[in-house]
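Q: Can you read through this structure? Questions will come right after.
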Amino acid sequence: MAVACVAPASGARQVFQSPGFNKITWVETPNQNKRPVGAVVDTIVLHHTAQDSLRTTAEFFAKESSKVSAHFCIGKDGSIVQFLSTFDRAWHAGVSTDAYGRKGVNDFSIGIEIDNIGDGKEPFTEPQLRALDNLIAFLLFRFPTIKQITSHEFVAEPQGRKNDPKNFPWERLKHFGLPLNYGLKVKK
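Following my numbering, the numbering of the sequence shown begins with 1034 at its first residue and continues without gaps.
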């Protein structure tokens, strides 16, 4: 793996190990805007695309009329498309509340779509899971403020409005040591 230098949010240069990406393709989406002033990125939200391919998702996000987007989408072969800067707000979570009771999850999150039809039967592929692992590792390096990984199902309001990413293998992400919030919220 190559070693590269990046400028983290603090402005200081640090050396880090490449996350192992072969390539990230950029496809700009018009469906984005600036985060609110003072917003801190501290959440990753995982989704399934409910589309038949990475290309279909990229084409959908590129249309202004779709009014949806995510920061990244991971194809079945592990390829990654990025649609907007992680410093800007994607339109992926909709009406939403996180585990801490904060509304408007798009304001403080990074949205990652995983190419999967979402029927609960199609498995997430090993290349997808490796790419997701590498992408999350990079995002944690870039945003040390990240404190949770959550599902769209967990944050979507009202409860039951979304089910993604359906049947995702959450145990694969335990090694990051962050709270994994998924499924439906337990009412107290």
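Note that CB positions come from ideal geometry on N, CA and C, so glycine has one too. None of these values were measured; they are calculated from a predicted model.
(1) Give the list of continuous beta strand (DSSP E) stretches no shorter than 3 residues that lie fully inside the segment 1131-1199.
(2) Should Gln1084 go down as buried or exposed, given a rule of 16 or more other Cβ atoms within 10 Å for buried?
(3) Looking only at its own chain, which residues have a Cβ that is under 6 Å from the Cβ of Asn1196, when we skip the five neighbours before and after it?
(4) Hey, would you say Trp1203 sits closer than 8 Å to Leu1211, going by beta carbons?
(5) Tell me whether Val1036 sits in a helix, a strand or coil according to DSSP, three-state version.
(6) Could you check whether Pro1198 and His1104 sit closer than 8 Å to each other, using their CB atoms as the reference points?
(7) Thinking C-beta only, is Asp1152 closer than 8 Å to Ser1086?
(8) Take Leu1079 as the anchor and find which of Lys1218, His1208 and Phe1201 has the nearest alpha-carbon.
(9) State the start and end residues of the unbroken beta strand (DSSP E) segment that holds Phe1093.
(10) Looking at Phe1116: is its Cβ nearer than 8 Å to the Cβ of Ser1102?
(11) I'd like to confirm the pairing. Which residues does DSSP put opposite Phe1105 in its beta bridges?
(12) In whole angstroms, give me the CA-to-CA distance for Asn1064 and Cys1106.
(13) Quick check on the burial criterion: 16 or more other C-beta atoms within 10 angstroms. Buried or exposed for Ser1142?
(14) Do Gly1127 and Ala1189 have their C-beta atoms closer together than 8 Å?
(15) Going by CA-CA distance only, name the one from Leu1173, Lys1096 and Gln1192 that's closest to Ser1004.
A: Judging by the given coordinates:
(1) 1142-1147 and 1181-1184
(2) buried
(3) Glu1186
(4) no
(5) The predicted position of Val1036 is uncertain, since its pLDDT is 29 and thus under 50; a value taken from the coordinates is nonetheless stated next. Reduced to three states, the DSSP call for Val1036 is strand.
(6) no
(7) no
(8) Phe1201
(9) First-last for Phe1093: Leu1087 to Phe1094, but that is the alpha helix (DSSP H), not the beta strand (DSSP E).
(10) yes
(11) Gln1115 and Ile1145
(12) 15 Å
(13) buried
(14) yes
(15) Residue 1004 lies beyond the stretch modelled for the chain, which goes from 1034 to 1221, so this question has no answer here.
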